[in-house]
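Numbering (our numbering), first residue to last: 56 to 356. Structure, as structure tokens:
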Ligand SMILES: [Mn+2]
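This is the structure in structure tokens:
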């Protein structure tokens with residue numbers, strides 16, 4: 056009901072940023088400065104897709120090193136990371152909140168995206184931080200206070216840069232001639248290629264039943280169990296103990312900020328790289344989910 060699918064703009068570029076809102080009307084700032092293509096079918100990779108970082112800067116730098124990226128500390132400017140020739144990093148979102156160095160992560164990732172060495176999609180935490188930075192009335196919880204404190208110690212110009220960066224991120228990417236979809240919370244087959252509020256909302260928040268569990272958290276529907284799409288969907292959002300293959304989807308949020316690990320998936324090789332968290336930065340409200348039984352995993356698991 057009421058899932059209106061918007062038309063593609065005249066120029067054929069599919070806008071999948073958050074304007075208009077995917078959630079409550081009037082609750083979202085106008086963040087789009089024009090259509091942002093989330094279809095990058097011509098980008099064939101190879102990619103290094105990186106799970107939820109949540110301000111875990113040291114682990115991110117270590118993971119990039121493992122993946123063969125060259126780190127360079129610059130005088131009077133933030134660090135830079137250069138991918139091996141031909142490769143590109145893709146961040147699944149939730150760069151911010153809960154962790155120890157949100158500003159460091161943002162500075163590094165923003166420079167990589169600006170240089171064309173990385174792509175990033177918006178996560179629900181990034182989205183909420185954007186709203187807070189834009190002066191919206193946001194409940195300060197779930198680690199947002201860490202981002203605001205850390206960014207509060209930075210120059211106002213940096214905060215403005217961060218807001219512009221986050222506002223420009225799409226909610227998902229379609230890559231490699233449609234063979235690869237990267238979305239923070241995943242994306243059902245029927246929503247892939249859609250610019251609708253429903254598609255954007257799903258990519259950011261996933262699908263919930265509207266009920267809450269014993270921990271007071273929303274009960275999620277496990278869309279991946281019913282996924283039969285041809286595109287591989289790489290996502291994060293739900294922290295799991297081990298990268299979780301279900302059908303043609305993989306969850307690579309292994310809860311680094313909760314003391315788990317930061318995970319990368321090399322595509323198309325489908326090799327996993329991990330860096331264990333240096334410590335537990337934030338206690339999860341509910342325990343991390345167990346891996347899914349082997350029989351539901353895809354053949355390439
Ligand atoms: Mn998330």
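By construction, the Cβ of each residue, glycine as well, lies at the ideal position given by its N, Cα and C atoms.
For residue 101, I'd like the list of residues in its chain whose CB is within less than 8 angstroms of its CB, leaving aside the five on either flank, ordered along the chain. 141, 142, 143, 321, 322, 323, 324
Could you compute how far the alpha carbon of residue 218 sits from the alpha carbon of residue 189? 7 angstroms
What residues come near ligand 1, if near means a beta carbon less than 7 angstroms from any of its heavy atoms? 107, 148, 149, 178, 179, 180, 239, 240, 291, 292
Can you find the residues in the same chain that come closer than 7 angstroms, C-beta to C-beta, to residue 267, ignoring five residues on each side of it along the sequence? 273, 274
Range covered by the beta strand (DSSP E) that runs through residue 299: 299–301
According to the Cβ coordinates, are residue 236 and residue 193 closer than 8 angstroms? Against a cut-off of 8 angstroms, the Cβ pair of residue 193 and residue 236 comes out as no contact.
Buried versus exposed, by CB contacts within 10 Å (16 or more), residue 337: buried
Based on DSSP bridge pairs, tell me the residues matched to residue 273. Residue 273 is bridged to 267.
Run of the alpha helix (DSSP H) containing residue 214, from where it starts to where it stops: Looking at the DSSP string, the run of the alpha helix (DSSP H) that includes residue 214 is 211–222.
Put residue 120 into one of helix, strand or coil per three-state DSSP. helix
Ordered list of beta strand (DSSP E) runs contained in the stretch 302–339, each at least 3 residues: 304–306, 316–322, 326–331
What three-state label does DSSP hand residue 6 in the structure shown? Absent from the model: residue 6. The displayed extent of the chain is 56 to 356, so no value can be given.
Find out if the Cβ-Cβ distance for the pair residue 160, residue 184 is shorter than 8 angstroms. no
Report the three-state DSSP secondary structure of residue 358 (helix, strand or coil). The requested residue 358 is not part of the displayed model; the chain covers only 56 to 356.
Contact defined as beta carbons within less than 8 angstroms: I believe residue 227 pairs with residue 111. What is the distance between those atoms, to the nearest angstrom? Not really, about 23 angstroms apart at Cβ, beyond 8 angstroms.
Does the count of Cβ pairs from the stretch 324–333 and the stretch 118–131 closer than 8 angstroms reach three? yes
Assuming residue 319 and residue 103 make a contact with CB atoms under 8 angstroms, what is their CB distance in whole Å? 5 angstroms
Along the chain, which unbroken stretches of the beta strand (DSSP E) at least 3 residues long are found entirely within the stretch 163–219? 173–175
Taking buried to mean at least 16 other C-beta atoms within 10 Å of its own C-beta, is residue 196 buried or exposed? With a 10 Å radius around the Cβ and a threshold of 16 neighbouring Cβ atoms, residue 196 comes out exposed.
Go ahead and pull the three-state DSSP assignment for residue 158. helix
7 angstroms Cβ shell around residue 209 - same chain, five flanking residues per side excluded: 158
Distance CB(residue 243)-CB(residue 300) smaller than 8 angstroms: no
Sorted by chain position, which residues of the same chain lie with C-beta nearer than 7 angstroms to residue 126's C-beta, five sequence neighbours on each side aside? 116, 119, 120, 134, 136
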